Structure formats: C-alpha cells, structure tokens
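Participant:
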Amino acid sequence: MSEHNHIHDTCSPCNHNLATDTETCEFCQALGGTFIYRDSKLRVINANDSDFPMYTRVIWEDHSKEMTDLSIADRHYLMDHIYLIEGVQRNLLKAVKVNLAQFGNVVPHLHWHVIPRFSWDLRYPNSFWSHNMRERDDAYLAKLAELYKMVPEYHAALLDAFIKHSIGDKAVECGCH
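According to our numbering, the sequence shown holds residues 4 to 180 in order.
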C-alpha cells in the first residue's frame, strides 16, 4: 500500500476522491486484458492488441494515479516487474526496441505499457500510437503469425522470471501452460 494509505474517502496528499474513482475506473472494475500474472500489489495482462500480441500492461492493484502516490519501495517493486518484462521481450522475442510508457490520461489508474517493437511491425520506428507505416501484406502476416505462436511461451517466461527473481508474493499462476 502507498505511504499515505487510502483509508479515508478522500486522500489528502493527492486530493482525489477514491470512492468515486474506483467506482468508475475501468481497471478497478475489470481485469484489463488477458490474465498473465497477479500478486497482492500488481497484475500483468496481455492487452490483446491484434497487431501487437505481446503488448503487455502492468496495472497497480490499488487505485493510484501517479508513481509518486506510491512508497519508494512500491515504486521499485513495480519497476522491477517492468524491467523483467522488458528483459523477456528482448531475450525471448528478440525485440529490436521495447517501448515503456505510463500516461494515465484515458484511464487515470497507475499502469505501464510494455510493448516489444520489431523492424517489421506496422508502425516501427514511429510510436506505437502513431499511424501505420506499412501495409498488412503477406510477409507481415507471416511474421505476426509466428509471433502469435509464441504467446504461451512468452506468458510462461514472464511467470518464470517473476518467480525466479522472488518478486511475487503469493503469485497466482496463469492457466496458459
């Protein structure tokens, strides 16, 4: 839990109404994608983007809007998970770049986007959120199909990385293997 534990209806350091926020927050009300991993502090999901099958989100369980709402220990805990995901994306998937992003403009609930990028992906080298740079031709579709075949291995590698590094506390395994 954060340094200022959200016991009251209004949290004075960050001045947001927690009861209202959690009742309307899409990440408080739903999983946010396909389940990969969860512990008492965060969950890791596949964002289910058809052109980016390993697009991963890390969602902080408590309703917090900003990194500075978290204790220093919790910030490190969260970032350790993000770095482990990045490592799996680089080593297993051979991503040429990994995009890390944390906005919260649309869903004001602390979450990070971890997106492996490939020289052949539709938007590379531009931002994940930019317009497509190339067509969905046969070569692209073949590479995408190969990536989709790796989804179960990717999810298993993430879980293995979390467990090997003893980051998870009472982790819940996914049912993908």
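Glycine included, every Cβ here is placed at the ideal spot set by N, Cα and C. These figures come from a predicted structure and were not determined experimentally.
Check whether the Cβ atoms of Leu-81 and Val-61 lie closer than 8 Å to each other.
Facilitator: For this step, residue 81 is matched to residue 78 along the sequence shown. For this step, residue 61 is matched to residue 58 along the sequence shown. Closer than 8 Å, so yes.
Participant: On the criterion of 16 or more Cβ atoms from any shown chain inside 10 Å, does Ile-166 qualify as buried, or is it exposed?
Facilitator: As a working note, residue 166 is residue 163 in the sequence shown. Exposed.
Participant: What's the gap between the Cα of Asn-94 and the Cα of Leu-45?
Facilitator: In the sequence shown, counting from the first residue as 1, residue 94 sits at position 91. In the sequence shown, counting from the first residue as 1, residue 45 sits at position 42. Their backbone Cα atoms lie some 23 Å apart in a straight line.
Participant: In whole angstroms, give me the CA-to-CA distance for Asp-54 and Asp-65.
Facilitator: Indexing the sequence shown from 1 puts residue 54 at position 51. Indexing the sequence shown from 1 puts residue 65 at position 62. Rounded to the nearest whole angstrom, the C-alpha separation of Asp-54 and Asp-65 is 30 Å.
Participant: Is it buried or exposed, Met-57, if we count other Cβ atoms within 10 angstroms and call 16 or more buried?
Facilitator: Against the sequence shown, residue 57 aligns to sequence position 54. Buried, because 16 or more other Cβ atoms sit within 10 Å of the Cβ of Met-57.
Participant: What's the call for Asn-129, buried or exposed, on a 16-neighbour Cβ count within 10 Å?
Facilitator: Taking the first residue of the sequence shown as position 1, residue 129 is located at position 126. Per the 10 Å Cβ criterion, exposed.
Participant: For Asn-135, which residues in the same chain have their Cβ closer than 7 Å to its Cβ, ignoring the five residues on either side in sequence?
Facilitator: For the purposes of this step, residue 135 is taken as the residue at position 132 of the sequence shown. Correct list, in chain order: Leu-125, Arg-126.
Participant: Return the CA-CA distance between Val-99 and Ile-118, expressed in angstroms with no decimal places.
Facilitator: Taking the first residue of the sequence shown as 1, we reach residue 99 at position 96. Taking the first residue of the sequence shown as 1, we reach residue 118 at position 115. Going by the C-alpha atoms only, they are around 11 Å apart.
Participant: Any idea if His-84 is buried or exposed, counting beta-carbon neighbours within 10 angstroms, 16 or more meaning buried?
Facilitator: Your numbering for residue 84 matches position 81 in the sequence shown. Its Cβ being crowded by 16 or more others within 10 Å, His-84 is buried.
Participant: Exposed or buried, Asn-108, counting other C-beta atoms within 10 Å across all chains shown (16 or more means buried)?
Facilitator: Position 105 of the sequence shown, counting from 1, holds the residue named residue 108. Asn-108 comes out exposed.
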